[in-house]
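The listed protein sequences derive, respectively, from chains A, B and C. To convert, note that position 189 of the first sequence is 189 in my numbering; the numbers rise steadily by one, no gaps. To convert, note that position 76 of the second sequence is 1076 in my numbering; the numbers rise steadily by one, no gaps. To convert, note that position 251 of the third sequence is 2251 in my numbering; the numbers rise steadily by one, no gaps. We put the CB at the ideal spot given by N, CA and C, even for glycine.
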Amino acid sequence: MEFSAIQIAALVNGTVEGDGDVKVSTFAKIEEGQPGAISFLANPKYTHFIYDTASSIVLVGNEFVAEHPVKATLIRVADPYSTVASLLDMVSKMSAPNPVGVEQPAYISDGVVVPDDVYVGAFAYIGKGVTLGKNVKIYPQVYVGDGVEIGDNTILYPGVKIYHGCKIGAGCTLHAGVVIGADGFGFAPANGSYNKIPQIGIVILEDNVEIGANTTVDRATMGCTRIRKGVKLDNLIQVAHNCEIGENTVMASQVGVAGSTKVGANCMVGGQVGFAGHIHVGDNVMIGAQSGLPRDVESGSRIMGYPAVEAKDFARQVVNVKNLTELYRRVAELEKKLDNQK
Amino acid sequence: MEFSAIQIAALVNGTVEGDGDVKVSTFAKIEEGQPGAISFLANPKYTHFIYDTASSIVLVGNEFVAEHPVKATLIRVADPYSTVASLLDMVSKMSAPNPVGVEQPAYISDGVVVPDDVYVGAFAYIGKGVTLGKNVKIYPQVYVGDGVEIGDNTILYPGVKIYHGCKIGAGCTLHAGVVIGADGFGFAPANGSYNKIPQIGIVILEDNVEIGANTTVDRATMGCTRIRKGVKLDNLIQVAHNCEIGENTVMASQVGVAGSTKVGANCMVGGQVGFAGHIHVGDNVMIGAQSGLPRDVESGSRIMGYPAVEAKDFARQVVNVKNLTELYRRVAELEKKLDNQK
Amino acid sequence: MEFSAIQIAALVNGTVEGDGDVKVSTFAKIEEGQPGAISFLANPKYTHFIYDTASSIVLVGNEFVAEHPVKATLIRVADPYSTVASLLDMVSKMSAPNPVGVEQPAYISDGVVVPDDVYVGAFAYIGKGVTLGKNVKIYPQVYVGDGVEIGDNTILYPGVKIYHGCKIGAGCTLHAGVVIGADGFGFAPANGSYNKIPQIGIVILEDNVEIGANTTVDRATMGCTRIRKGVKLDNLIQVAHNCEIGENTVMASQVGVAGSTKVGANCMVGGQVGFAGHIHVGDNVMIGAQSGLPRDVESGSRIMGYPAVEAKDFARQVVNVKNLTELYRRVAELEKKLDNQK
């Protein structure tokens, strides 16, 4: 399917600049532009690509001012990033697989009700007493343990494993290899070895949570590990037992959250960050990649480092450490001068 | 089921303080207490919760001295943490699924003997020449490669993958997504690209090892990668080829151990720690989270940092670095004073 | 099977020193030597083991000079590491499983052609329109999404998941639990929560790529995430959407590469390294373990640290920081002296 710049502008409530009849049939990153593709400019770091991009159309913000001639047709919109998101969404809905029905063989325990519009892929396993919402998609090789509840419109990609008793909200997306509800890591020392602390709690994912491939969220020792509404976790993240991640908090890949830690709402956490156990992190906290958090963090903080400090202090520390050789030289110089005075 | 404080005290050899007839039917964390629940106090950090907890019963240590009135009934025991562990264990045994038998379809190679009390879940794959101990639980979608040996009472949760020839001891628990025996990462440079070094060794897990979700333990180039008796590994850990982890050593999530490294017994390793390859770490070593270990570590060390140093030196380093801006100022001051003397 | 030193020397074009008739039937690491085994010495750090190893034969470099008597028979070759690799390769080909055919039950969509020499294990899922090359091995519980292309001789170990539309080259090896083509992590803020940016691109793995257990490579937002020819990724690595990893680059375990970052050819990346998003790393770059890369890196650099600096500067920084307590003392001393002058 092809769409003209005029058609797209109408669709996204934008303004055309240049040839309104030029047609596109695909998307391309602005730096990898190609004729017949539409690109977008949201990150100012990429502005210089607009003058040479081979793409036929570029979505730009209303405030964009070209400093050189632009060959592509421009469509001006209020927010290019969310506009492209809606366009992608339309395309995605047209092109992505949308399987329905039960493939054979699947293992569905007696008594489980599978609504008509649900997908259960081959080799998926549905335990006893499982509740499935409307329009749930369970891809092949997924494991849903006894008593699990899954809300409407939730997607479990291939190989997701959910242990018994956990509750998954509506509109959630769990990517391949995610493990929900494995035992928390609890052992009591006993005569030189360890006794396992049984983990009898559960995991609750509230609505609209998305979890990346191979991420793990452990069940609570007692009570629950809770991932609140709208949380987005990237791949290979660890959330330990009895943690709580606040609404709309976003964590990049490979973050680790140790046991019983509470992270607030609307936080943004960089990749490979580590949280100590039993700490409280406030709301709206921004944490730089690879930081280590040994203690509580106040709401609104912007922190970084190992151990983490205010981001501006971290920047200062880095410079201070970089210049240490010079500082040693200066101190030696002072010592020499003072010595010479004797 | 409900139990009174008196009944529980009898069970755990404890002493009741307060209403012995109050009944509980569940567990709760002390900070999330609720009527009808039993909580415990082991970590002094949580002591202040005891005065307001809504839980009906709290297990405390014999040495606990209340500084304010406590509403809950107390049961005093020698070690509240291990007492609650045994209580949880009883409950867990009553409530957790305990499947038995072979679900269909499962793939069990000809000649493999499945003892009566073993569970083989649907879509599990048992290769040629596999040996299964008594009471082994193999959950759905597990892969057990040719010639693998699995000891008595071992549990393989959904989606565990064990490559051919590896040996799993008795009483082990492997959580969902664990991969045992994938090829070690070995490549020999050859004309600008790499030739793979075949990995013909195996992995041996000794008895009572527990391994967390999505953790990976690679097979040896030759010989074996060995996880000794009683080792506990959390989620998303990497143990490379030819490593050895000593008895009862415990590692938190996302630790990485590079090839041929030997870690001693009874070590405690924080999350996201990295071990260089070909190093030796002694016994009883404690390693702070996110540390990087570039070289051998003596038994009994307590280390932290990147690169790791003695924990007390690390604490000092952190303070020293924090105060550097002030040190730069002091040196500039000295330079000015000395300059003014001229 | 047993082979004599003379037979092996003939096979690998080497020279025997010592008893040529001694026979071996297995491999052993030099430090774990045993009678009847062949070992090799490539890493000088292990030289001292050669004098006491119990192995019957040791492969050494032509330039090796014994400083003490060696009991084992030596076979001298140009490159012991690649020689042992070829020997292991022969053994591996004789001993490793080499399954062929389709096991039942497998799910193979209508119209998919399975060449005669292909293996499809039980519980594997092959989606619509999938193309399979010659001699492809698809182990049990693998998921191959709609429209995926897999090149000749590629091996997908148990539980690998490949999302729809991705392209896997020839001669690739993907270990258990690898996830290719899960959605990139893209969300646009919208009224306090987030809207998902659909990820309509794909992942392309070129030829001879090896990917370790539970590693994840995300599909592009648009266009592709590309892993070039000969790249070797270890376990538990994250490669985000729209990244590109250059030819023959090697990454150790638990590395994270954030979105749209381009890494050059022939780089060597240590374990747990983190790359920021949208950066360019040149060719032939060596990066020390646990480094954090916040910005572009020039070709040929050798870097380390958090944030990463030139490796020699990092070493200097470590020493400078270690000696800070002494520097503080020296500055205090200077202040005292200067004060006393008044």
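Take histidine 2068 of chain C, set aside five residues on each side of it, and the residues of its chain with a beta-carbon closer than 7 angstroms to its own are Tyr2051, in chain order. Per DSSP, the beta bridge partners of phenylalanine 2275 of chain C are C:Val2257, C:Leu2293.
Residues of chain A whose Cβ lies closer than 7 angstroms to the Cβ of aspartate 1234 of chain B are, in chain order, Phe185. Leucine 2236 of chain C sits in coil when the DSSP states are folded into three classes, being neither helix nor strand. Residue pairing of valine 1058 of chain B in beta bridges, as defined by DSSP: B:Ser1039, B:Leu1074. At least 8 angstroms separates the beta-carbon of alanine 85 of chain A from that of serine 56 of chain A.
Taken through DSSP and simplified to helix, strand or coil, lysine 2229 of chain C comes out as coil. The secondary-structure analysis by DSSP pairs arginine 1302 of chain B across a beta bridge with B:Met1286. Look at histidine 1280 of chain B here: in three-state DSSP terms it is strand. Interface annotation, serine 1039 of chain B: not in contact with chain C, CB-CB separation never under 8 angstroms. The straight-line gap separating the alpha-carbon atoms of glycine 159 of chain A and glycine 121 of chain A is approximately 10 angstroms. Cβ-Cβ distances below 8 angstroms link glycine 2129 of chain C to Ser2109, Gly2111, Val2112, Asp2146, Gly2147 in the same chain, with the five nearest sequence neighbours on each side left out; the list follows chain order. Relative to threonine 2225 of chain C, the option among C:Met2268, C:Thr2261, C:Phe2027 whose CA is nearest is C:Thr2261.
The three-state secondary structure of aspartate 1339 of chain B, taken from DSSP, is helix. Using beta-carbon distances, glycine 2223 of chain C counts as an interface residue toward chain A, with a partner under 8 angstroms.
At least one CB of chain B lies nearer than 8 angstroms to the CB of glutamine 238 of chain A. Among the CB atoms of chain B, none fall inside 8 angstroms of the CB of valine 2012 of chain C. If you look at threonine 1083 of chain B, you'll find it in the alpha helix (DSSP H) that goes 1080-1095.
Counting only residues of its own chain and dropping the five nearest sequence neighbours on each side, glutamate 1149 of chain B has a CB closer than 6 angstroms to the CB of Thr1131, Lys1167. Valine 2065 of chain C carries a coil assignment under DSSP once its states are collapsed to helix, strand and coil.
For asparagine 1320 of chain B, the enclosing alpha helix (DSSP H) has its first and last residue at 1311-1322.
Nearest in C-alpha terms to glutamine 2290 of chain C, of all of C:Ala2066, C:Gly2271, C:Asp2283, is C:Gly2271.
With a threshold of 8 angstroms between beta carbons, leucine 156 of chain A makes no contact with chain C. Taking the Cβ atoms as the reference, proline 99 of chain A lies roughly 4 angstroms from tyrosine 119 of chain A, within the contact range of under 8 angstroms. The three-state secondary structure of tyrosine 194 of chain A, taken from DSSP, is strand. Rounded to the nearest angstrom, the gap between the Cα atoms of glutamate 2031 of chain C and glycine 1033 of chain B is 56 angstroms. With respect to alanine 2170 of chain C, glycine 2151 of chain C sits close: the two C-beta atoms are nearer than 8 angstroms. Leucine 2236 of chain C places its beta carbon less than 8 angstroms from that of leucine 1236 of chain B. By DSSP's assignment, aspartate 2218 of chain C forms a beta bridge with C:Ala2182. Distance check between glutamine 1238 of chain B and each of B:Gly1018, B:Ile1197, B:Asp1183 places B:Asp1183 closest, using alpha-carbon atoms only.
In the structure shown, valine 1024 of chain B adopts extended strand secondary structure according to DSSP, grouped into three states.
At a cut-off of 8 angstroms between beta carbons, glutamine 2317 of chain C makes no contact with chain B. Between alanine 1308 of chain B and isoleucine 1287 of chain B, the CB-CB gap stays under 8 angstroms. Counting along the chain, the unbroken beta strand (DSSP E) around isoleucine 2202 of chain C starts and ends at 2202-2205. With a contact defined as Cβ atoms closer than 8 angstroms, isoleucine 1200 of chain B and serine 2301 of chain C miss out at about 36 angstroms.
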